[in-house]
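Please read the structure below before turning to the comments.
In my numbering, the protein residues as written are 110 to 219.
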């Protein structure tokens with residue numbers, strides 16, 4: 110899907126189409142944050158994708174807002190939907206680095 114088609118789906122698509130676009134974009138963003146040369150979000154981090162997709166889906170129409178108030182209801186949004194998962198993402202990255210270092214050490218020839 111092109112960017113234009115994604116935007117159209119978000120603005121006027123069915124809930125399923127909206128969820129599909131949000132999930133795709135969330136996975137793309139998480140891969141950028143991870144910064145690894147992997148092509149797919151690892152299964153260990155799928156829970157982050159699910160949480161962020163739900164947050165973004167529930168916020169359709171308030172994108173870009175930092176807070177929202179109406180008739181006694183007040184909501185404040187985080188700057189980034191991934192902020193609360195930063196330590197978990199860093200821990201995953203470190204575990205993969207350590208794994209990689211162990212593999213390299215194991216196959217060194219002296």
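Note that beta-carbon positions come from the ideal geometry of N, C-alpha and C, so glycine has one too.
Note that the coordinates shown come from a computational prediction; the quantities given were computed from them, not determined experimentally.
| Item | Value |
| --- | --- |
| Cβ distance (whole Å) where residue 305 is taken to contact residue 150 below 8 Å | What the structure shows of the chain is the stretch from 110 to 219, and residue 305 is not part of that stretch, so it cannot be assessed. |
| With 16 other Cβ atoms within 10 Å as the buried cut-off, status of residue 182 | exposed |
| Start-to-end residues for the beta strand (DSSP E) that takes in residue 156 | Run containing residue 156: none in the beta strand (DSSP E); it sits in the alpha helix (DSSP H), 155-167. |
| First and last residue of the uninterrupted beta strand (DSSP E) at residue 178 | 176-179 |
| For residue 183, three-class secondary structure by DSSP | strand |
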